[in-house]
Amino acid sequence: MILDFTLKKYRELCSVIADLDYSVITLEEYFTLRKLPEKFIILRHDVDDEPEYALIMAQLENMYNIRSTYYFRTVENVFKIGLIEQIHNLGHEIGYHYEVLDEANGNYPKAINIFNKNVDKFKGLCEIKTIAQHGSPLVGQLSATSISGIWVIFKNILKGNKVFTNWVNADIWKEYDFKEFGIVGEAYISIDFKDVYYISDTGMSWNNKYRLKDVVNQTPAGFDKFNIESTNDLIKMIKIYKMNRIYLLVHPDQWRDNLQDWIKWSILKHIRNNGKLGLKYFWGLNGSHAIR
Ligand SMILES: [Zn+2]
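According to the numbering used here, the sequence shown is numbered sequentially starting from 4.
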């Protein structure tokens, strides 16, 4: 059996990217460069949970001279100062993975205050220039990345506590302007998805069946017949189609190295994805949304 979503496979992806004539740019560069390279890949990472995996990935990319963007949530289990510093020192961009409407339960003035405070948490570490909304259906520290995490979710459901949220965090920018916080771009709403080929590993799969919250409107001409599920498909796609502008979203905590860890994660993935399909049905969404 050949495992996918392993660090070995990620290393292969990095090596393919490094061998081809792509410039790998950060989100900040995408938003601020006066002239973009002719062929580029934006590599974005949402650090949702277990930030240790983000550091491993950042070191791996560094071996291939790849600079990417890591979006950190400010929840306790993710916001590890030493770790963020190490990733920053490797030359990567650090951004804020915000979930302020979830935290403020939809109260906009409260949400923007939380945003302000959380951006301040990065001060002294690095300057936050870009942000990306977090789109987990779970509130706060709840996480479905371990059996114990899922157990905590069930206990909360039984107690009648609020477990799910369906705020779209980026909606805060319908009321406020992130530029007032020195932010130059938002990784969803400031991107023209007709301009870049976007693909994400959400739910440990490159296809989009499990997406709930990250809305994109893209129909890249000619590529619709090419089915991408495995990382090998993605590598093949990059090699064959040689698209000029590619935007990859990779969740570091979904890429595992040892077999035991991988099997555990793979089983959890099925539980999580089935839960997400249930939520999608519940919310009456039509499949253009994604989670995490
Ligand atoms: Zn997220």
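The C-beta atom is built at its ideal place from N, Cα and C for all residues, glycine as well.
- Task: Just tell me which of Y74, N68 and K239 has its CA closest to the CA of E189.
- Result: For this step, residue 189 is matched to residue 186 along the sequence shown. Ranking Y74, N68 and K239 by Cα distance to E189 puts Y74 first.
- Query: Going by the beta-carbon positions, is the gap between E178 and Y111 smaller than 7 Å?
  - Reply: Translated into positions along the sequence shown, residue 178 becomes position 175. Translated into positions along the sequence shown, residue 111 becomes position 108. Their beta carbons are under 7 Å apart, which means E178 touches Y111 by this criterion.
- Taking 6 Å as the line, does the beta carbon of D51 fall inside it for any heavy atom of ligand 1? As a working note, residue 51 is residue 48 in the sequence shown. Yes.
- Task: May I ask whether a heavy atom of ligand 1 can be found less than 6 Å away from the beta carbon of H137?
- Result: As a first step, residue 137 must be located in the sequence shown, where it is residue number 134. Indeed, a heavy atom of ligand 1 lies less than 6 Å from the Cβ.
- Query: Given that a residue counts as buried once 16 or more other Cβ atoms are within 10 Å of its Cβ, and exposed if not, what is N121?
  - Reply: Taking the first residue of the sequence shown as 1, we reach residue 121 at position 118. With 16 or more other Cβ atoms within 10 Å, it is buried.
- Task: Select from D204, P54 and T29 the residue whose C-alpha is nearest the C-alpha of G85.
- Result: Position 82 of the sequence shown, counted from the start, is the residue given in the question as residue 85. It is P54 whose Cα lies nearest to the Cα of G85.
- Presumed contact (8 Å Cβ cut-off) between I20 and I44, rounded CB distance: For the purposes of this step, residue 20 is taken as residue 17 along the sequence shown, with counting starting at 1. For the purposes of this step, residue 44 is taken as residue 41 along the sequence shown, with counting starting at 1. Indeed, because the Cβ distance is near 6 Å, the residues count as touching under 8 Å.
- Message: Please give the ranges of any alpha helix (DSSP H) in the stretch 82-152, keeping only runs that are unbroken, at least 4 residues long and fully inside the region.
- Response: Runs found: 84-92, 103-106 and 111-124.
- Query: How about V78 and V50: do their beta carbons lie closer than 7 Å?
  - Reply: In the sequence shown, counting from the first residue as 1, residue 78 sits at position 75. In the sequence shown, counting from the first residue as 1, residue 50 sits at position 47. Result no, Cβ atoms of V78 and V50 do not sit closer than 7 Å.
- Per-residue DSSP class, three states only, for V19: Taking the first residue of the sequence shown as position 1, residue 19 is located at position 16. Correct three-state label for V19: helix.
- Message: Within 8 Å, do at least three Cβ pairs link the stretch 7-14 to the stretch 30-39?
- Response: No, the stretch 30-39 is not in contact with the stretch 7-14.
- Check whether V103 and I117 have beta carbons under 7 Å apart: The residue labelled residue 103 in the question sits at position 100 within the sequence shown. The residue labelled residue 117 in the question sits at position 114 within the sequence shown. Yes. Within cutoff.
- Would you list the residues sitting across from Y73 in a DSSP beta bridge? Translated into the one-based positions of the sequence shown, residue 73 becomes position 70. Y73 is bridged by DSSP to H48 and I97.
- Using the C-alpha atoms, what's the distance from A135 back to N235? Within the sequence shown, the letter at position 232 stands for residue 235. Within the sequence shown, the letter at position 132 stands for residue 135. Distance between the alpha carbons of N235 and A135: 27 Å.
- Quick one, which of V155, I97 and G109 has its alpha-carbon nearest G127's? Residue numbering aside, residue 127 sits at position 124 when the sequence shown is read from its first letter. Ranking V155, I97 and G109 by Cα distance to G127 puts I97 first.
- Message: So the candidates are S26, N108, L39 and S18; which of them puts its Cα closest to the Cα of E64?
- Response: If you number the sequence shown from 1, residue 64 lands on position 61. Cα-wise, what sits closest to E64 is S18.
- Beta-carbon proximity list for S208, same chain, < 7 Å, skipping 5 on both sides: Position 205 of the sequence shown, counted from the start, is the residue given in the question as residue 208. Result list for S208: E232, in chain order.
- Item | Cα-Cα separation between L6 and A57, rounded to whole angstroms | Here the question's residue 6 lines up with position 3 in the sequence shown. Here the question's residue 57 lines up with position 54 in the sequence shown. Straight-line spacing of the CA atoms in L6 and A57 works out to 20 Å.
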